[in-house]
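Chains as they are written, first to last, in this note's numbering: chain A, 2 to 144; chain B, 2 to 144. Ideal Cβ placement from N, Cα and C applies to all residues, glycine included. First comes the structure, then the notes that go with it.
There are 2 protein chains.
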Amino acid sequence: MNIGEAAKASGVSAKMIRYYESTGLIPTAGRTGVGYRVYSDTEVQMLRFIRRSRDLGFPVEKIEELLALWRDRSRHSADVKRLAQEQIEGLQRKIIEMQAMKETLQHLADACCGDMRPDCPILVDLGSGPNSIKDHALTRFGQ
Amino acid sequence: MNIGEAAKASGVSAKMIRYYESTGLIPTAGRTGVGYRVYSDTEVQMLRFIRRSRDLGFPVEKIEELLALWRDRSRHSADVKRLAQEQIEGLQRKIIEMQAMKETLQHLADACCGDMRPDCPILVDLGSGPNSIKDHALTRFGQ
DNA sequence: ATAGGCCTTCCAATGATGGCAAGGTCAAGA
DNA sequence: TCTTGACCTTGCCATCATTGGAAGGCCTAT
Numbered sequence: 002m003n004i005g006e007a008a009k010a011s012g013v014s015a016k017m018i019r020y021y022e023s024t025g026l027i028p029t030a031g032r033t034g035v036g037y038r039v040y041s042d043t044e045v046q047m048l049r050f051i052r053r054s055r056d057l058g059f060p061v062e063k064i065e066e067l068l069a070l071w072r073d074r075s076r077h078s079a080d081v082k083r084l085a086q087e088q089i090e091g092l093q094r095k096i097i098e099m100q101a102m103k104e105t106l107q108h109l110a111d112a113c114c115g116d117m118r119p120d121c122p123i124l125v126d127l128g129s130g131p132n133s134i135k136d137h138a139l140t141r142f143g144q
Numbered sequence: 002m003n004i005g006e007a008a009k010a011s012g013v014s015a016k017m018i019r020y021y022e023s024t025g026l027i028p029t030a031g032r033t034g035v036g037y038r039v040y041s042d043t044e045v046q047m048l049r050f051i052r053r054s055r056d057l058g059f060p061v062e063k064i065e066e067l068l069a070l071w072r073d074r075s076r077h078s079a080d081v082k083r084l085a086q087e088q089i090e091g092l093q094r095k096i097i098e099m100q101a102m103k104e105t106l107q108h109l110a111d112a113c114c115g116d117m118r119p120d121c122p123i124l125v126d127l128g129s130g131p132n133s134i135k136d137h138a139l140t141r142f143g144q
């Protein structure tokens with residue numbers, strides 16, 4: 002199987018397959034006489050594993066650990082679960098962070114009339130420093 | 002004010018201040034006789050604006066637009082609100098995406114007993130392709 | 001005078017990916 | 001057999017925002 006076919010079959014672009022090989026994430030592929038990379042079903046399965054892990058947000062560094070466990074028949078499932086749990090926590094942290102950004106922006110946007118006038122609480126907030134949300138809330142409720 | 006003081010006062014690192022200057026996001030700072038950059042309160046305020054915008058997840062490209070509106074006294078607040086709304090939508094998209102990843106992982110982790118045995122539905126799923134979640138659910142409910 | 005803490009510029013790396021260019025190869029059709 | 005188009009190869013550059021380091025100049029206090 003050529004790299005293009007392996008790419009189609011795995012969902013990993015040819016570019017990325019070469020990249021993963023260069024970084025050592027996957028072993029160096031076999032070559033034909035003229036230097037074309039050759040892939041077996043096993044290798045395609047490994048690529049699909051990587052693709053799916055990326056889709057779940059795992060950084061390549063963690064995928065390396067996951068692959069090692071995948072290959073290790075005497076692994077402990079606890080180790081896999083721990084990696085998954087860490088990833089879940091990382092995702093949760095980011096979600097909370099973005100949720101906070103979103104809510105802050107939503108409050109500001111709600112307070113902006115959004116017409117032709119120049120007055121805009123969003124710009125006022127951005128120009129006024131890091132505690133402005135609280136300040137703004139206090140100001141609003143204080144009035 | 003030196004760049005170090007401006008950095009402390011604005012929350013933007015000296016490194017980033019120089020970078021923003023080099024990319025044209027902020028105007029070139031004044032210089033002392035020996036070439037040190039000098040900053041006024043106005044410029045520090047602009048840096049704080051940038052910092053706060055970054056904290057809300059705006060890409061630098063959008064901050065450029067926000068800064069332009071900030072400076073433009075004949076702006077329409079509608080333009081600012083639109084930028085904020087787009088940012089909110091972008092954040093929401095990413096949140097949903099990460100939420101989906103998290104839930105998928107949570108299902109998988111829940112199904113993994115996490116002990117010393119090697120059997121692990123997480124690894125099975127990662128190795129089995131993109132539709133495995135649905136497949137897995139069907140398998141479980143079908144049994 | 002010297003130490004250390006600033007400042008300057010330039011260069012490089014991050015992580016995962018896409019894009020482009022120049023050149024070799026293969027298969028099918030004229 | 002020759003050509004064409006689709007594939008492969010390597011290598012370099014770009015992204016995005018940020019950090020780090022190296023090499024060298026300046027300023028202040030001891």
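For residue i, which residues in the same chain have their Cβ closer than 7 Å to its Cβ, ignoring the five residues on either side in sequence?
{"i": "residue 61(A)", "result": "26"}
{"i": "residue 121(A)", "result": "113"}
{"i": "residue 32(A)", "result": "38 and 39"}
{"i": "residue 17(A)", "result": "none"}
{"i": "residue 119(B)", "result": "none"}
Pick from the options: whose alpha carbon is nearest that of residue i?
{"i": "residue 1(B)", "options": "3(B), 129(B) and 88(B)", "result": "Here chain B has residues from 2 to 144 only, and residue 1(B) is not among them."}
{"i": "residue 45(A)", "options": "6(A), 75(A) and 77(A)", "result": "6(A)"}
{"i": "residue 57(A)", "options": "104(B), 119(B) and 118(B)", "result": "104(B)"}
{"i": "residue 55(B)", "options": "21(B), 119(B), 74(B) and 118(B)", "result": "21(B)"}
{"i": "residue 117(B)", "options": "24(A), 73(A) and 41(A)", "result": "73(A)"}
{"i": "residue 129(B)", "options": "42(A), 129(A) and 119(A)", "result": "42(A)"}
Short check: CB of residue i to CB of residue j, under 7 Å?
{"i": "residue 81(B)", "j": "residue 123(A)", "result": "yes"}
{"i": "residue 127(A)", "j": "residue 53(B)", "result": "yes"}
{"i": "residue 89(B)", "j": "residue 109(A)", "result": "no"}
{"i": "residue 102(B)", "j": "residue 92(A)", "result": "yes"}
{"i": "residue 30(A)", "j": "residue 38(A)", "result": "yes"}
{"i": "residue 96(B)", "j": "residue 99(A)", "result": "yes"}
When we look at the beta-carbon of residue i and count the other beta-carbons within 10 Å, is it buried (16 or more) or exposed?
{"i": "residue 8(B)", "result": "buried"}
{"i": "residue 51(A)", "result": "buried"}
{"i": "residue 11(B)", "result": "buried"}
{"i": "residue 133(B)", "result": "Its pLDDT being 42, under 50, residue 133(B) is placed unreliably in this model, and the value from its coordinates should be taken loosely. It is buried - the Cβ of residue 133(B) has at least 16 other Cβ atoms within 10 Å."}
{"i": "residue 78(A)", "result": "buried"}
{"i": "residue 138(A)", "result": "Since pLDDT at residue 138(A) reaches only 42, below the 50 mark, its modelled position is unreliable, and no value is offered."}
By Cβ distance below 8 Å, which residues in the same chain neighbour residue i in space, the five residues on each side in sequence not counted?
{"i": "residue 76(B)", "result": "70"}
{"i": "residue 65(A)", "result": "26"}
Who are the near neighbours of residue i in its chain, counting only those whose CB is closer than 6 Å to its CB and skipping five residues on each side?
{"i": "residue 14(A)", "result": "8"}
Specify whether the stretch 77-94 of chain B and the stretch 111-120 of chain A touch according to this definition: at least 3 beta carbon pairs, one from each stretch, less than 8 Å apart.
At 8 Å Cβ cutoff, the stretches touch.
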